[in-house]
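Below is one structure, written out as structure tokens, with a few remarks after it.
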Amino acid sequence: MRKPATWVVGVILVALGATFSSGLQDLFDGLLPDGWNEPGSGIKLVDVRRQPVSGLVLIPDTEAFARFEDMTDARTSVNEPDWQAQHEWYAVDHAVWEVTLVGRHRDPVEITDLRPERTGPCTQTLRRGAIVEDTPQGESEKIQLKTAIDAKVPQLTSGESGSAYFNGGTVELAKGETVVIAIDASTAGQTCEWVLKADYVDHGKRKSMTIKAPGDRPFAITGYAEDHPYELTWSIRCDRPLKPAEMLAGGEPSDCF
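Numbering (this note's numbering), first residue to last: 4 to 260.
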């Protein structure tokens with residue numbers, strides 16, 4: 004059984020057709036990664052990024068979180084791939100990662116498996132640092148796949164049915180066809196680092212690739228310390244970071260906004 008790429012996320016760029024003019028094709032080629040139509044791997048990683056407004060972010064480095072000018076700067080920064088690549092940070096409880104892949108060969112390439120693999124044992128919840136509240140207002144219809152990173156054997160499941168997505172099915176990518184895969188990763192409390200492994204068939208040969216977070220870093224996640232206020236919290240309630248006593252008191256300090 005084959006699953007069309009539209010089942011993964013529903014955002015597909017239609018493959019170049021023979022009826023396109025050469026001018027339109029040149030324009031489309033310019034929007035794709037360099038070398039997408041040259042010999043080599045049949046799929047290309049175009050982009051990987053944390054979906055904005057998809058949960059709390061923990062920053063252990065006190066110097067890094069002290070540089071934010073205000074709440075807007077904090078939320079903008081943690082959603083920029085360049086900032087993510089240059090700083091140590093952890094998703095808290097859960098985060099949605101978007102992985103964009105493009106087909107590079109005329110013959111369709113079949114992705115036969117996409118799975119999370121931890122890079123080492125999970126450890127205890129991180130309890131120190133600064134929290135940036137980047138919490139969603141509601142669930143996005145774009146989320147299609149989920150995984151519990153701290154499970155005994157993490158796997159990707161369908162956001163709709165809960166069944167293993169790549170259980171006998173494949174995702175097919177033709178030349179120039181792009182698919183965005185949204186993955187909601189979660190933890191029940193432990194701190195875990197992980198990567199994505201993609202297996203695919205290209206010209207009849209089985210191949211694999213490793214997908215990491217920006218900066219060639221593993222994806223990282225930790226739990227939320229309910230009983231322990233963090234050193235600072237960039238809260239949606241204030242335009243400056245709140246100290247532990249202010250978080251415990253609740254409400255909004257008089258000098259906010």
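No residue lacks a Cβ here, since even glycine has one placed at the ideal position from N, Cα and C.
As the structure is a computational prediction, the values presented were derived from the model and not from experiment.
C-alpha distance - residue i paired with residue j, whole-angstrom precision
i, j, result
"isoleucine 114", "lysine 47", "12 angstroms"
"serine 257", "threonine 213", "49 angstroms"
"threonine 150", "leucine 104", "19 angstroms"
"proline 157", "tryptophan 197", "10 angstroms"
"leucine 235", "valine 49", "35 angstroms"
"arginine 53", "histidine 206", "32 angstroms"
"histidine 231", "glycine 165", "33 angstroms"
"cysteine 195", "aspartate 242", "31 angstroms"
"valine 56", "tryptophan 92", "15 angstroms"
"leucine 117", "glutamate 66", "36 angstroms"
"proline 244", "leucine 176", "45 angstroms"
"lysine 178", "tyrosine 168", "23 angstroms"
"proline 111", "threonine 173", "12 angstroms"
"tyrosine 227", "glycine 218", "24 angstroms"
"isoleucine 184", "aspartate 76", "27 angstroms"
Residue i classed as buried or exposed, judged by whether at least 16 other C-beta atoms fall within 10 angstroms
i, result
"alanine 248", "exposed"
"histidine 108", "buried"
"glutamate 180", "buried"
"glutamate 136", "buried"
"glutamate 144", "Low confidence applies here, because glutamate 144 scores a pLDDT of 40, under 50, leaving its location unreliable; read the following figure in that light. When all chains shown are included, glutamate 144 counts as exposed."
"glycine 26", "In this prediction, glycine 26 has a pLDDT of 47, which is less than 50 and means its spatial position is unreliable; what the coordinates show is noted afterwards. Glycine 26 is exposed by the Cβ-count criterion."
"phenylalanine 260", "exposed"
"threonine 301", "Lying outside 4 to 260, the shown extent of the chain, residue 301 is not represented and no answer is given."
"valine 98", "Per the sequence shown, the amino acid found at residue 98 is alanine instead of valine. Per the 10 Å Cβ criterion, buried."
Beta-carbon gap between residue i and residue j smaller than 8 angstroms
i, j, result
"tyrosine 203", "alanine 133", "no"
"isoleucine 186", "valine 81", "no"
"glutamate 120", "lysine 246", "no"
"threonine 128", "glutamine 87", "no"
"tryptophan 100", "valine 60", "no"
"aspartate 73", "histidine 90", "no"
"glycine 106", "glycine 45", "yes"
Option nearest residue i by Cα separation, candidates the options
i, options, result
"serine 189", "Ala223, Leu176 and Thr126", "Ala223"
"alanine 154", "Arg131, Ser238, Ala191 and Ser161", "Ala191"
"threonine 225", "Val95, Pro55 and Val51", "Val95"
"glutamate 163", "Gln147, Ala77, Phe169 and Glu175", "Gln147"
"isoleucine 239", "Tyr168, Tyr227, Ala167 and Glu255", "Glu255"
"isoleucine 152", "Pro124, Ser211, Leu59 and Glu83", "Pro124"
Problem - Inside the segment 73-129 only - alpha helix (DSSP H) runs reaching at least 4 residues - result: 74-81 and 84-89
Handout entry: Contiguous beta strand (DSSP E) assignments of at least 3 residues, all confined to the segment 175-236
Key = 181-189, 195-205, 208-214 and 222-225
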